[in-house]
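Colleague:
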Amino acid sequence: MQDNRPMDTDVLRRNLDSVRHRIAEAAQRSGRSPDEVTLVVVTKRLPVEVVPPLVALGALDLGENYPQELWEKVNHLGNSSVRWHLIGHLQSNKAKKTVPMVRMIHAVDSLRLLQGLDALVADPENGPAVCLQVNTSNEPAKHGWSVDEILADADAIAGCRNLRVAGLMTMAALDTTSETARPSFILLRDVREKLKERTGLRLEQLSMGMSNDFETAIEEGATIVRVGSAIFEGVFS
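This is the structure in structure tokens:
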């Protein structure tokens with residue numbers, strides 16, 4: 001994706017510093033170290049030219065919503081130090097091309113997709129980690145397991161031996177505030193504990209929290225937050 005708009009790297013740096021500071025404060029409020037929280041900078045719909053300044057600022061975990069944009073950026077940059085995350089919906093027909101490019105797939109939203117990905121990974125040591133998406137807000141239009149469905153699928157999830165199922169992921173409802181999003185984050189944490197008991201998996205990661213609610217998510221145990229607009233506000237004119 002090409003973009004001719006000028007980019008203000010000073011604004012980018014200030015925004016990134018601000019988000020990192022807010023992450024640290026939220027972690028400390030919940031008695032955790034800021035090092036326990038990974039910031040994934042969401043670069044969807046932004047030009048590939050934004051990546052080198054981010055890397056220079058130490059932001060190496062970058063997230064894309066759409067596989068085609070991910071492919072374009074990876075192919076343009078070649079063998080870079082970026083750790084790519086696919087944070088949006090993945091269709092099965094795009095999985096084979098996507099899997100070798102990413103460190104983590106956050107939105108594995110069905111048993112069918114999970115098992116398909118498991119079949120694609122020949123070497124568990126080199127394959128991506130995955131998070132299972134749970135629809136904690138019960139929105140009909142949103143992808144993901146319901147709470148009851150993911151607990152019912154526990155044995156099948158545990159049977160996927162090639163993928164590393166690292167944890168769970170959710171998105172709060174679009175119309176929530178940071179505080180009204182809290183129940184969704186608490187629910188995901190509770191589901192994680194139940195699924196750990198049923199599967200024996202460690203499920204160390206909770207991918208939850210975006211620009212408008214990441215501090216609340218951290219207070220409720222998020223280990224990964226996905227932040228875009230709070231970092232890129234005012235960067236392009």
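Residue numbering for the sequence shown follows full-length UniProt numbering, starting at 1 and increasing by one per position. For every residue, glycine included, the Cβ atom is placed at its ideal position computed from N, Cα and C.
Where are the alpha helix (DSSP H) runs, 4 residues long or more, that stay fully inside the segment 100 to 160, in chain order?
Modeller: 111 to 120, 147 to 152, 154 to 158, all fully within the segment 100 to 160.
Colleague: Near A95, what residues of its chain come up, given a Cβ to Cβ distance below 8 angstroms and the 5 sequence neighbours on each side ignored?
Modeller: The residue labelled residue 95 in the question sits at position 95 within the sequence shown. Counting only Cβ-Cβ distances below 8 angstroms, and skipping sequence neighbours, we find L113, G116, L117, L120.
Colleague: In the DSSP assignment, find the alpha helix (DSSP H) that holds L188 and state where it starts and stops.
Modeller: To locate residue 188, count along the sequence shown from 1; it is residue 188. Start and end: 182 to 199.
Colleague: Taking contact to mean at least 3 C-beta pairs separated by less than 8 angstroms, is the segment 79 to 88 in contact with the segment 45 to 57?
Modeller: Verdict: yes, contact present.
Colleague: Give every residue of the same chain whose Cβ lies closer than 6 angstroms to the Cβ of L201, excluding the five residues on either side of it in the sequence, and list them in chain order.
Modeller: Counting from one through the sequence shown, the residue named residue 201 turns up at place 201. Closer than 6 angstroms at the Cβ level, and outside the excluded window around L201, lie V165.
Colleague: Take the Cβ of residue 238 as the centre, count every other Cβ of all protein chains shown within 10 Å, and call the residue buried at 16 or more, exposed below.
Modeller: In this structure the chain extends from 1 to 237, so residue 238 is not present and cannot be described.
Colleague: Got a sec, what are the start and stop residues for the beta strand (DSSP E) T38 sits in?
Modeller: By 1-based counting over the sequence shown, the position of residue 38 is 38. Segment 38 to 42, the beta strand (DSSP E) holding T38.
Colleague: Please go through the same chain and pick out, in chain order, the residues whose beta-carbon is closer than 6 angstroms to the beta-carbon of R198, but skip the five residues on each side of it.
Modeller: Looking up residue 198 in the sequence shown gives position 198. The residues are A154.
Colleague: I need the straight-line Cα distance from E36 to T223, nearest angstrom please.
Modeller: Against the sequence shown, residue 36 aligns to sequence position 36. Against the sequence shown, residue 223 aligns to sequence position 223. Cα to Cα, the separation comes out at about 6 angstroms.
Colleague: Within a Cβ cutoff of 7 angstroms, which residues of the same chain sit near R13, ignoring the five residues on either side of it in sequence?
Modeller: Counting from one through the sequence shown, the residue named residue 13 turns up at place 13. Around R13: L57.
Colleague: Using the Cβ count rule (16 or more neighbours within 10 Å means buried), how would you classify H21?
Modeller: As a position in the sequence shown, residue 21 is number 21, starting the count at 1. It counts as exposed.
Colleague: With a CB to CB cut of under 6 angstroms and the five nearest residues on each side skipped, what residues in its chain are close to W145?
Modeller: The count along the sequence shown starts at 1 and reaches residue 145 at position 145. Same-chain partners within the cutoff: V134.
Colleague: On the DSSP bridge assignment, give the partners of R164 in chain order.
Modeller: Here residue 164 corresponds to residue number 164 of the sequence shown, with the count starting at 1. DSSP output for R164 lists A129 as bridge partner(s).
Colleague: May I ask you to report which of helix, strand or coil DSSP gives R45?
Modeller: Residue 45 sits at position 45 when you count from the first residue of the sequence shown. Coil, per DSSP.
Colleague: On a CA-only basis, which of Y66, F236, G221 is nearest G167? Give me that one, please.
Modeller: Against the sequence shown, residue 167 aligns to sequence position 167. Measuring from the Cα of G167, the nearest candidate turns out to be G221.
Colleague: Taking its Cβ as the centre, do 16 or more other Cβ atoms sit within 10 Å of G159, making it buried, or is it exposed?
Modeller: Within the sequence shown, numbered from 1, the residue matching residue 159 stands at position 159. Burial call: exposed.
Colleague: To which residues of the same chain is L181 closer than 7 angstroms at the C-beta, ignoring the five residues directly before and after it?
Modeller: Numbered from 1 along the sequence shown, position 181 holds the residue referred to as residue 181. The displayed chain sequence assigns Ala, not Leu, to residue 181. The residues are A172, D213, T216.
Colleague: Taking the C-alpha atoms as reference points, what is the distance between V147 and I218?
Modeller: On the sequence shown, position 147 is the one that residue 147 refers to. On the sequence shown, position 218 is the one that residue 218 refers to. So the two alpha carbons sit approximately 21 angstroms from each other.
Colleague: Where do the N-terminal and C-terminal ends of the beta strand (DSSP E) with I224 fall, by residue?
Modeller: One-based indexing of the sequence shown puts residue 224 at position 224. Counting along the chain, the beta strand (DSSP E) containing I224 begins and ends at 224 to 227.
Colleague: Can you tell me whether N162 is buried or exposed, with buried defined as 16 or more other CB within 10 angstroms of its CB?
Modeller: Here the question's residue 162 lines up with position 162 in the sequence shown. Exposed, by the Cβ-count rule.
Colleague: Decide if A156 is buried, meaning its Cβ has at least 16 other Cβ atoms within 10 Å, or exposed.
Modeller: In the sequence shown, residue 156 corresponds to position 156, counting from 1. Exposed.
Colleague: Buried or exposed: D17, going by 16 or more other Cβ atoms within 10 Å of its Cβ?
Modeller: In the sequence shown, residue 17 corresponds to position 17, counting from 1. Flag for D17 reads exposed.
Colleague: Nearest to E204 by CA position, among P140, L132, V102, G127, is which residue?
Modeller: Here residue 204 refers to the residue found at position 204 of the sequence shown. Taking only the C-alpha atoms, the option nearest E204 is L132.
Colleague: State the beta-bridge partners of R5 as determined by DSSP.
Modeller: Translated into positions along the sequence shown, residue 5 becomes position 5. Looking at the DSSP assignment, R5 forms no beta bridge with any residue, so it has no partner.
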